[in-house]
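The letter at position 201 of the sequence shown is residue 212 when you use my numbering, and the numbering goes up by one with no holes. Glycine included, C-beta positions come from ideal geometry on N, C-alpha and C. Nothing here was measured: the structure is a model prediction, and the numbers come from that model.
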Amino acid sequence: MSTEAEVRKFYEDGLLVIENFIGEEEIDEMRAECHRLVEEMNPAEHQTVFSTTKQNVLKNLGYVDPVVMQSMYIFKQPNIGGEVISHQDASYLYCTPIKVVGLWVALEDATLENGCLWYIPGSQKGGLLGDYRMIRNPKPDGKACVYIGEKPTNDDKSFVAAPVKKGSLVLIDGLVVHKSERNMSDQSRHIYTFHVYDGTSTWSDQNWIQPTDAKTFSHIYDIKV
């Protein structure tokens, strides 16, 4: 992402697709190493997260100190891959002020049939709807996390599909409402995604995920690759 027009589109819509962002060879390597990518957060082995190209994307978005707090390899298997209900990432990854972005990499084509992303353009401008958040449970009643605030409802007619080709990068604003449907096809839909917040914001100590001495969050600009 290098043009001002693309940056404007991201902040206008809350989601931006960058096609052919990752080459075929790197995509195949990521799929082959998926288990290690999820289980080990070793920056030297995560070129996709920490590469100069991705650093430049975040710089263009105005991130002063992008910090990776979560990464996931998500399988939507043929015919059984489940839906992800509409949500805002900032409800689960909260900081003040809110500055969160998801980087969503298509390791296979994501289509209408196998569960591509859907989103509500411009919905990030409404802030955190209902102040709805998932937090660590402050009560010792057996539940690890609880929800606070008012759960928002969204009009299905407002969603726009974002099918993408293998190798595309999708940038998802932490406040944009998005979802994905069940995989109703015979084709799998594998993606790798990671979330970043700006270290100039304050990470909430109520969030379900917290840095520890053993597993610290990684500051992207500090990593040399």
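C-alpha gap between residue i and residue j, whole angstroms
i	j	result
TYR130	VAL171	5 Å
ASN148	ASP216	12 Å
HIS98	ASP224	30 Å
GLU30	TRP115	12 Å
VAL78	SER229	6 Å
ALA55	GLU37	Since pLDDT at ALA55 reaches only 48, below the 50 mark, its modelled position is unreliable, and no value is offered.
GLY178	THR213	32 Å
LYS226	GLU94	30 Å
ARG42	LEU27	23 Å
ARG193	ALA117	16 Å
GLU119	GLN81	21 Å
Residues of its chain near residue i, where Cβ-Cβ distance is below 8 Å and the 5 sequence neighbours each way are ignored
i	result
ASP197	PRO89 and ASN90
TYR103	ARG144, MET145, ASN218 and TRP219
MET83	VAL49, TYR203, THR204 and PHE205
GLU15	none
Per DSSP, the bridge partner or partners of residue i
i	result
PHE86	HIS201
LYS114	It should be noted that the sequence gives Leu, not Lys, for residue 114. DSSP lists LEU182 and PHE205 as partners of LEU114.
SER229	VAL79
TYR103	Per DSSP, none; premise fails for TYR103.
Delimiting residues of the beta strand (DSSP E) encompassing residue i
i	result
ASP39	Here ASP39 belongs to no beta strand (DSSP E); instead the alpha helix (DSSP H) covers 35 to 43.
ARG193	Counting along the chain, ARG193 falls outside any beta strand (DSSP E), and DSSP gives it neither H nor E.
ILE183	180 to 184
ILE146	144 to 147
TYR158	156 to 159
Boundaries of the alpha helix (DSSP H) in which residue i is found, first to last residue
i	result
TYR22	15 to 24
Near the ligand COA: residue i beta-carbon under 6 Å from a heavy atom
i	result
SER212	With respect to small molecules bound, the structure shown includes none, and the ligand COA cannot be examined in it.
Contact set for residue i: own chain, Cβ-Cβ below 7 Å, skip 5 residues either direction
i	result
PRO174	ALA121, THR122, LEU123 and CYS127
LEU69	PRO77, VAL207 and ILE231
SER191	GLU94, VAL95, GLY126, CYS127, LEU128 and TRP129
Nearest-angstrom beta carbon gap, residue j and residue i [assumed within contact, 8 Å]
i	j	result
VAL112	LEU72	7 Å
ASP184	GLY25	4 Å
Nonlocal neighbours in the same chain, by C-beta distance under 6 Å from residue i, ignoring five residues either side
i	result
SER169	ILE131
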